[in-house]
Each structure stands twice: as C-alpha cells, then as structure tokens.
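Student:
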Amino acid sequence: MAERTGVQITIKTLTHRYTAKSPVTFENVDVMAEPGEALVIIGRSGCGKSTLLHILAGLLGKTSGTVRLDGKDVTEPSSQWIMMFQAPHLFPWMSVEQNVGIGLRFARWPDDKVKKRVAEVIGLVHLEEFARSNTQDLSGGQQQRVALARSLVMEPDLLLLDEPFSALDAFTRATLQKDVRALSKQLGFNLVMVTHDIDEAVIMADRALVMAGSPGQIVHDFKVDLEDPRERQDPKVQSMRATLMQIFHDAAGVPVDSEEEENSNAASNAELVGN
C-alpha cells in the first residue's frame with residue numbers, strides 16, 4: 064500500500080441540533096489537527112462526541128460552522144475518510160477476502176488489482192490464515208480486524224473510530240488499540256476516535272480533546288507526549304493517565320472516586336498479562 068500523509072482537519076464554530084426545537088447538542092466547537100495526527104475525543108455520555116464524529120464523516124449535517132479536510136467542505140461520505148463503528152457490519156456469508164475487497168469491487172477495480180490489494184491489507188491486520196474463512200466463524204476481535212482491513216483497503220487519509228473496541232475482551236481491545244495506532248503512523252493517515260476510556264485515549268492519542276457540558280464544548284486540549292510503542296506498565300504512561308483522568312473528572316465536575324480509580328487500574332493491569 065502507498066504511504067500517505069493524512070489531512071489537515073479544520074473545524075470552526077461548529078454547532079449542532081437535530082431539529083429546530085431540539086436542544087443544542089454542542090456549540091462553538093473548534094478543532095485543528097495536522098496531517099497524520101491522532102485525536103481522541105473523550106467525554107461523558109451525552110456531550111455530543113459521537114455526533115461530532117458523524118458530522119466529520121459526512122454522515123450527519125451540521126447546524127452552523129465549518130468542517131473542512133484539506134480545505135474541502137465535508138458534506139457527504141467519501142472514500143477519503145472512512146468510519147468504523149462499534150459493530151463491524153460485515154457480510155457473514157462472505158469470506159474475509161470478499162468482505163475486505165467489496166469496496167474495491169463496487170469501485171470497479173480489475174480483479175487482479177483487487178486480489179493484490181486485499182492480500183496486502185489482510186497481511187497488515189494479521190489475518191492471512193483466515194483469508195478464506197467466513198467472517199461468521201471468526202471471533203469478535205478478528206471480525207473487527209476484518210472491518211479495519213475493509214477500511215484500510217480504500218487507502219483513506221482519515222480513519223474515524225466510534226468506540227469500535229468497546230465490546231471486545233480486555234486483551235483483544237488492548238492489542239487492537241496498539242495495532243491501529245501503529246498502522247496510522249506506518250501508513251500516515253489521521254485518526255479521530257471517540258471514547259470514554261482514559262486508557263484508550265493515552266495509548267492511541269497524540270492529543271486528547273475533552274468534551275463536557277450540555278450543550279457540549281471542548282473544554283481541554285491535552286497533548287499526550289509519549290514515545291511509541293506505549294506500554295501500560297510504563298510509569299510515564301501511568302502518570303499521563305492519572306493526569307488525564309483528573310482533567311476528565313474536573314471537566315465533568317465530579318471528583319475522582321478512589322474505588323473507581325482502583326478498579327480501573329486493576330483492569331489495566333489485567334490487560335498487561337498478555338502484552
């Protein structure tokens with residue numbers, strides 16, 4: 064696959080409400096991101112982070128403001144920016160190869176080029192031995208790898224992630240978090256992800272944008288200044304996590320609960336067993 068450089072993301076004074084009579088979801092959101100940068104948007108449920116992601120993907124219209132990628136207004140979906148959802152949305156009766164290549168076939172690529180590109184991407188997500196297996200026979204983590212491959216095969220400049228790892232077991236989730244970040248840096252595309260998981264933000268982000276309030280606003284832009292690869296047991300990672308956890312709770316107006324913090328640390332430590 065060809066290396067890419069990503070896109071310049073520019074969001075200015077963005078406001079959204081679903082109808083004229085409905086409450087404002089978020090207002091006056093400003094975001095800038097450089098090509099190749101990884102952004103993670105964190106916040107409590109209802110702050111508008113998933114709505115913001117859907118607008119950036121061209122799946123939902125804005126009320127006011129601007130959303131531009133490399134200076135181009137985002138008004139509809141595009142193969143340049145691809146979104147992964149919580150569920151992989153695969154065709155269960157198709158093989159991994161068929162699922163991964165379906166977008167290229169709709170684009171009328173020649174069969175030989177489809178076969179070559181699909182094989183390359185399946186290799187990137189470590190599914191070579193399952194290439195001809197039906198996706199319904201795969202585990203949840205393997206199915207999300209198929210969904211990731213189906214996104215990467217289109218060579219997007221921006222990959223949008225709507226909590227695609229939330230339903231997976233801890234070990235699989237931790238592995239995919241590291242793999243997706245590594246692929247974004249290797250291939251040069253931007254990441255924008257929404258999550259409420261502090262650990263996920265620290266492992267995957269160059270910057271974490273904290274949303275809070277009703278209507279939602281971005282209240283903190285936090286630089287995750289860590290070297291790769293990032294390991295959860297690294298004291299620098301743990302320190303960054305504690306700082307972001309405090310920022311997250313301050314933004315929500317809720318004190319950090321010691322029992323919650325202890326349970327979250329225990330879950331993080333459990334993930335280290337296989338990493």
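All residue numbers in the sequence shown are consecutive under my numbering, ending with 338. Backbone N, C-alpha and C define an ideal beta-carbon position, used for all residues, glycine too.
Less than 6 Å between C-beta atoms, sequence neighbours within five positions excluded: which residues of the same chain meet that for Ala305?
Tutor: Locating residue 305 in the sequence shown gives position 242, where the first residue counts as 1. Nothing listed; no residue qualifies.
Student: Are there 16 or more other CB atoms within 10 angstroms of the CB of Met95, so buried, or fewer, so exposed?
Tutor: Position 32 of the sequence shown, counting from 1, holds the residue named residue 95. Burial call: exposed.
Student: Classify Met157 as helix, strand or coil using the three-state DSSP reduction.
Tutor: What you label residue 157 is simply residue 94 of the sequence shown in a count that begins at 1. DSSP places Met157 in coil when its eight states are reduced to three.
Student: If I'm right that Arg244 touches Ala120 with Cβ under 8 Å, what's the distance once you round it to whole angstroms?
Tutor: Working through the sequence shown from its first residue, we reach residue 244 at position 181. Working through the sequence shown from its first residue, we reach residue 120 at position 57. For a cut-off of 8 Å, the C-beta gap from Arg244 to Ala120 is around 20 Å, too long to register as a contact.
Student: If we count Cβ pairs, one from each stretch, closer than 8 Å, do we get three or more for the segment 184–198 versus the segment 122–131?
Tutor: Using a C-beta cut-off of 8 Å, the segment 184–198 makes no contact with the segment 122–131, since fewer than three inter-stretch Cβ pairs fall below that distance.
Student: So Val92 and Leu115 are in contact, right, with Cβ under 8 Å, and what is the actual spacing, rounded?
Tutor: By 1-based counting over the sequence shown, the position of residue 92 is 29. By 1-based counting over the sequence shown, the position of residue 115 is 52. With a Cβ gap of about 6 Å, Val92 and Leu115 count as contacting.
Student: State the Cα-Cα distance for the pair Arg295 and Asp136, rounded to the nearest angstrom.
Tutor: Here the question's residue 295 lines up with position 232 in the sequence shown. Here the question's residue 136 lines up with position 73 in the sequence shown. Looking at the two C-alpha atoms, the distance is approximately 38 Å.
Student: Buried or exposed for Lys84, going by 16 or more other Cβ atoms inside 10 Å?
Tutor: Counting from 1 along the sequence shown, the entry for residue 84 is found at position 21. Exposed is the call here.
Student: Buried or exposed, going by whether 16 or more other CB atoms sit within 10 Å of the CB of His79?
Tutor: The count along the sequence shown starts at 1 and reaches residue 79 at position 16. Under this definition His79 is a buried residue.
Student: Rounded C-beta distance between Leu77 and Gly128? I'm assuming under 8 Å.
Tutor: By 1-based counting over the sequence shown, the position of residue 77 is 14. By 1-based counting over the sequence shown, the position of residue 128 is 65. Their Cβ separation, rounded to whole angstroms, is 4 Å, which keeps Leu77 and Gly128 in contact under 8 Å.
Student: With DSSP collapsed to three states, give me the class of Thr114.
Tutor: Reading the sequence shown from its first residue, position 51 is the one you call residue 114. Looking at Thr114 - three-state DSSP - the assignment turns out to be helix.
Student: With DSSP as the reference, identify every bridge partner of Met382, one or two as the case may be.
Tutor: Any question about residue 382 goes unanswered here, given that the chain covers just 64 to 338.
Student: Counting beta carbon pairs with one atom in the segment 242–261 and one in the segment 154–163, are three or more of them shorter than 8 Å?
Tutor: no
Student: State the start and end residues of the unbroken alpha helix (DSSP H) segment that holds Arg131.
Tutor: Residue mapping note: residue 131 aligns to position 68 of the sequence shown, counting from 1. Counting along the chain, Arg131 falls outside any alpha helix (DSSP H), though it belongs to the beta strand (DSSP E) covering 127–132.
Student: Tell me whether Met308 sits in a helix, a strand or coil according to DSSP, three-state version.
Tutor: Looking up residue 308 in the sequence shown gives position 245. It is helical.
Student: Please go through the same chain and pick out, in chain order, the residues whose beta-carbon is closer than 8 Å to the beta-carbon of Ile261, but skip the five residues on each side of it.
Tutor: In the sequence shown, the residue the question calls residue 261 occupies position 198. Cβ neighbours of Ile261 beyond the five flanking positions: Ile105, Arg304, Leu307, Met308, Phe311, Ser327.
Student: Evaluate contact between the segment 176–191 and the segment 131–146, counting only Cβ atoms and requiring at least three cross-stretch pairs below 8 Å.
Tutor: With a cut-off of 8 Å, the segment 131–146 and the segment 176–191 do not count as touching, because too few Cβ pairs lie within range.
Student: If the criterion is Cβ atoms closer than 9 Å, does the pair Lys112 and Gly279 meet it?
Tutor: Numbered from 1 along the sequence shown, position 49 holds the residue referred to as residue 112. Numbered from 1 along the sequence shown, position 216 holds the residue referred to as residue 279. Yes, the pair counts as a contact, with Cβ atoms nearer than the cut-off.
Student: Pop quiz: Gly204 and Thr235 are said to be a contact at Cβ under 8 Å. What is the actual Cβ separation, rounded to whole angstroms?
Tutor: The residue you call residue 204 lines up with position 141 of the sequence shown. The residue you call residue 235 lines up with position 172 of the sequence shown. Their Cβ separation, rounded to whole angstroms, is 4 Å, which keeps Gly204 and Thr235 in contact under 8 Å.
Student: Compute the beta-carbon to beta-carbon distance between Asp220 and Val103, rounded to the nearest angstrom, for a pair I have assumed lies under 8 Å.
Tutor: Counting from one through the sequence shown, the residue named residue 220 turns up at place 157. Counting from one through the sequence shown, the residue named residue 103 turns up at place 40. About 18 Å separates the CB atoms of Asp220 and Val103; that is not less than 8 Å, and the two are not in contact.
Student: Locate the beta strand (DSSP E) running through Met95, then write down its first and last residues.
Tutor: Taking the first residue of the sequence shown as 1, we reach residue 95 at position 32. Per DSSP, Met95 belongs to the beta strand (DSSP E) from 87–96.
Student: Determine whether the beta carbon atoms of Arg145 and Ser229 lie at a separation below 9 Å.
Tutor: Here the question's residue 145 lines up with position 82 in the sequence shown. Here the question's residue 229 lines up with position 166 in the sequence shown. In the sequence as displayed, the identity of residue 145 is Ile instead of Arg. For Ile145 and Ser229, no; Cβs fall outside 9 Å.
Student: Run through DSSP, which three-state label would Val265 get?
Tutor: Here residue 265 is taken as the residue at index 202 of the sequence shown, counted from 1. Three-state result, Val265: helix.
Student: So who's on the other strand from Val103, going by DSSP bridges?
Tutor: Counted from its first residue, the sequence shown places residue 103 at position 40. In the DSSP output, where bridge partners are listed per residue, Val103 has Met256, Ala271.
Student: At which residues does the beta strand (DSSP E) containing Thr73 begin and terminate?
Tutor: Translated into positions along the sequence shown, residue 73 becomes position 10. Element bounds for Thr73: 72–80.
Student: Which same chain residues, not among the five before or five after Ser164, have their C-beta less than 6 Å away from its C-beta?
Tutor: Walking along the sequence shown from the start, residue 164 turns up at place 101. The displayed chain sequence assigns Gly, not Ser, to residue 164. So the list reads Val177, Val181, once near-sequence residues are dropped.
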